[in-house]
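Engineer: The structure's right below; bear with me while I get my questions together.
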Amino acid sequence: ASSRASRRTSTAVASQVRPGQRHIKRTIIDAGAKNAIIVDSDVDLDEAVAGVLESTFAYSGQKCTACSRAIVLAGVYDKFCDKIAQAAGAMVIGDPAAAGTQIGPVINAAAAKRIAGYVEEAKKSAKLLFEVDRSQLPAEGHFVAPAVFADVDPKSPLARQEIFGPVLAILRAEDFDQAIALANDTDYALTGGVYSRSPSHIERARWEFRVGNLYINRKITGSQVDVQPYGGSKLSGDGARLGGPDYIRQYTRPRTISENTIRHGLTTSEDAAEAEAVTR
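Counting from 682, one number per residue, gives the positions in the sequence shown under our numbering.
The following block contains the structure:
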């Protein structure tokens with residue numbers, strides 16, 4: 682099911698009051714993403730390409746923190762597109778249990794059909810940089826052909842809707858201002874990344890790239906519990922930090938107890954013993 686459908690289902694179930702229920706059900710939802718990696722004009726392109734590829738195609742793109750948009754500055758746009766098309770062609774597709782496999786199947790037939798539909802629709806408006814020959818896909822398993830598109834319209838479904846599969850949309854930005862604007866122009870705000878050597882651009886990304894987790898000069902998948910607790914805002918969730926020290930608090934019910942001890946005083950242990958003796 683899509684993230685939107687899962688979110689609606691979870692919310693609907695939580696809103697139903699069952700017989701005997703005397704508490705409000707809580708829902709903490711990690712509800713989807715359209716994660717972007719900004720590639721600045723001063724980067725080591727080989728490093729950026731490797732990070733974008735792994736962030737996009739590892740787990741067949743079926744990971745909430747996966748990259749689905751690469752926003753590349755104009756100065757390196759053409760070179761980035763050439764390099765990522767070549768690198769994508771070298772990735773190994775097959776049984777995830779086999780050593781060396783980089784891209785496995787997706788979760789089920791429905792997901793494979795939905796992803797393939799997005800790819801076919803995107804071919805009508807974007808430039809197809811790379812797509813695996815479907816005849817090379819394994820016969821068994823729900824495999825889809827990984828695809829990379831360039832010159833993607835920022836308002837197109839490919840750039841705005843969560844596909845949750847091995848599909849990358851590359852968007853061109855004329856400068857870093859536009860790159861930040863494009864990165865934030867989405868209904869989701871879970872994870873993002875920046876490849877840059879510019880201290881000023883990195884500092885701007887820290888403050889202006891509105892995501893729950895921002896990764897600088899590294900891939901955006903593979904967060905570590907208690908090191909990079911993640912969570913997002915907008916339609917990605919309510920900001921709860923999964924894997925962080927405050928996460929358990931989301932499931933607790935706080936209580937406040939107040940006692941006036943000034944007017945009446947406190948009974949000492951001696952007073953209590955005397956009162957008990959009198960009672961006897």
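Beta carbons: idealized from backbone N, C-alpha and C, even for Gly.
1. For residue 969, which of helix, strand or coil comes out of DSSP?
2. Quick check: residue 769 and residue 829, are their CB atoms within less than 8 angstroms of each other?
3. Can you tell me whether DSSP reads residue 794 as helix, strand or coil?
4. Let me see if you follow: with CB-CB separation under 8 angstroms, is residue 925 close to chain B or not?
5. Could you check whether the region 786-798 touches the region 813-823, counting it as contact only if at least three pairs of C-beta atoms, one from each stretch, sit closer than 8 angstroms?
6. Report yes if the C-beta distance between residue 706 and residue 695 is below 8 angstroms; otherwise report no.
7. Leaving out five residues on either side along the sequence, give the residues of the same chain with a beta carbon under 6 angstroms from the beta carbon of residue 928.
8. Is the distance from the Cβ of residue 744 to the Cβ of residue 902 below 8 angstroms?
9. Using DSSP bridges, identify the partner residues of residue 754.
10. Can the beta-carbon of residue 762 be found less than 8 angstroms from the beta-carbon of residue 854?
11. How far does the alpha helix (DSSP H) with residue 738 in it extend, from its first residue to its last?
12. Hey, could you find the ends of the alpha helix (DSSP H) residue 886 is sitting in?
Structural biologist: In short:
1. There is simply no residue 969 to check, as the chain begins at 682 and stops at 961 in what is shown.
2. yes
3. helix
4. The structure shown contains no chain B; it holds only a single protein chain.
5. Segments in contact, yes.
6. yes
7. 922
8. yes
9. The partner list for residue 754 (beta bridge, DSSP) reads 854.
10. no
11. 726-738
12. Per DSSP, residue 886 belongs to the alpha helix (DSSP H) from 880-889.
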